[in-house]
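Participant: In my numbering, the protein residues as written are 1 to 362. Positions of the beta carbon are idealized from the N, C-alpha and C atoms, including for glycine.
#1: Looking only at DSSP bridge pairs, what is residue 232 linked to?
#2: Please list the terminal residues of the continuous beta strand (DSSP E) segment that includes residue 83.
#3: Given a cut-off of 7 Å, decide if residue 17 and residue 66 are closer than it, judged by their beta-carbon atoms.
#4: Should residue 313 and residue 335 be called a contact, given that it needs their Cβ atoms to be closer than 7 Å?
#5: Taking only the alpha-carbon atoms, compute the straight-line gap between residue 281 and residue 129 and give it to the nearest angstrom.
#6: Rounded to whole angstroms, what's the CA-CA distance from residue 303 to residue 217? Just pull it up for me.
#7: Which residue from 19, 99 and 320 puts its Cα closest to that of residue 26?
#8: Using CA coordinates, which residue listed in 63, 13 and 180 is at the minimum distance from residue 114?
#9: Going by DSSP in three states, residue 172 sits in which element: helix, strand or coil?
#10: Compare the beta carbon distance of residue 58 and residue 95 with 7 Å and say whether it is the shorter of the two.
#11: As a quick exercise: from 9, 24 and 7, pick the residue whose alpha carbon is nearest that of residue 171.
#12: CA-CA distance, residue 60 and residue 43?
#13: Count the other CB atoms within 10 Å of the CB of residue 31; is the residue buried (16 or more) or exposed (fewer)?
#14: Under 8 Å by Cβ, that's how I've got residue 140 and residue 116 pegged, so tell me the actual separation to the nearest angstrom.
#15: Measuring straight from C-alpha to C-alpha, what distance separates residue 182 and residue 295?
#16: In whole angstroms, what separates the C-alpha of residue 320 from that of residue 203?
#17: Helix, strand or coil for residue 309? Go by DSSP, reduced to three states.
#18: Would you identify the three-state DSSP class for residue 139, choosing helix, strand or coil?
#19: Just to confirm, are residue 193 and residue 254 a CB contact at a threshold of 7 Å?
#20: Quick check: what's the CA-CA separation for residue 5 versus residue 289?
#21: In chain order, what residues of the same chain have a beta carbon less than 6 Å from the beta carbon of residue 50, not counting five sequence neighbours either side?
#22: Who pairs with residue 101 in a beta bridge, going by DSSP?
#23: Residue range of the beta strand (DSSP E) that residue 182 falls in?
#24: What are the start and end residues of each continuous alpha helix (DSSP H) run of 4 or more residues lying completely inside the region 245-290, in chain order?
#25: So the beta strand (DSSP E) residue 190 belongs to, where does it begin and stop?
#26: Which term fits residue 286, buried or exposed, when burial requires 16 or more other beta carbons within 10 angstroms of its beta carbon?
#27: Which residue or residues does DSSP assign as beta-bridge partners of residue 129?
#28: What does DSSP give as the partner residues of residue 46 in its beta bridges?
#29: Rounded to whole angstroms, what is the Cα-Cα separation between residue 15 and residue 121?
Structure representation (structure tokens):
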């Protein structure tokens with residue numbers, strides 16, 4: 001989810017004091033993995049680091065930071081160790097290390113977060129290196145060791161800092177100072193959705209809360225709602241077929257326009273691509289049979305027609321309301337994404353820990 005990032009940029013523009021809380025490291029069973037983030041202001045919050053008393057305690061700490069003098073390091077960044085035991089009213093039994101960052105509103109800070117937002121919108125992974133024991137600026141680093149900037153070494157980060165472990169974590173530099181090394185994984189995979197009607201809007205509303213990118217296509221520009229998060233890109237065009245070619249290799253396509261004739265044109269264009277991960281077409285079995293007959297007459301093979309998923313949505317959810325369809329379709333996409341993520345060939349090579357173990361003190 002990137003709701004926190006969109007909210008952060010809005011807080012900066014309005015000069016609203018805010019604190020970003022990141023799950024920096026965990027031990028044992030915890031509600032969220034490292035890299036989960038939550039943004040706090042004096043009276044609002046965005047996203048989640050696990051709910052319950054953990055978030056209540058984090059909110060207390062974050063709002064105490066907002067009241068601390070700006071010039072003190074403790075009022076800018078801090079690391080807290082929180083045990084999820086009976087004293088906190090949670091029975092996970094693990095330990096969460098939370099990094100608290102007070103968000104600056106100066107131009108340099110705004111440019112940094114804008115760069116992260118733009119990178120995520122384009123699918124580019126980044127690292128954030130945040131010093132915890134001195135007041136230096138955070139560093140944004142592309143996801144390769146070779147891209148570690150020279151000033152990172154000046155700050156004391158070792159050359160093998162990034163390694164192969166794509167996960168947010170804590171480390172100590174050569175001077176023994178603590179850093180948050182935050183793996184900012186871009187919103188992936190890409191969904192290309194044709195149609196901004198009721199169902200399309202309901203689906204985008206759910207997808208906007210998930211780690212994916214959306215290219216949303218419709219000729220009717222006024223149908224796109226305002227204030228969409230950065231990972232939702234709209235394309236108002238009278239030639240939606242061209243948007244098929246704009247999609248990334250391995251994209252997931254959803255076709256649900258206001259016109260069956262346009263649905264068929266888009267289906268033809270999508271089926272001609274050989275690198276489509278999945279293609280879903282809204283409609284009934286009757287619509288599928290009609291499309292199969294028409295496409296077969298146009299020379300599409302049985303193997304190509306098998307790539308069409310129609311009707312769409314997981315079994316067992318039969319409601320016709322836009323929200324019901326959206327839940328069923330997004331659940332189907334989640335199943336596809338988790339299956340792909342779990343495939344052996346998708347797993348990263350074993351990582352070697354290159355950071356020093358922390359003593360757990362905040």
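Facilitator: Quick answer:
#1: 214
#2: 77-83
#3: yes
#4: no
#5: 43 Å
#6: 27 Å
#7: 99
#8: 13
#9: strand
#10: no
#11: 24
#12: 11 Å
#13: buried
#14: 6 Å
#15: 48 Å
#16: 13 Å
#17: strand
#18: strand
#19: yes
#20: 44 Å
#21: 31 and 32
#22: 20 and 77
#23: 178-184
#24: 260-271
#25: 190-194
#26: exposed
#27: 139 and 181
#28: 39
#29: 24 Å
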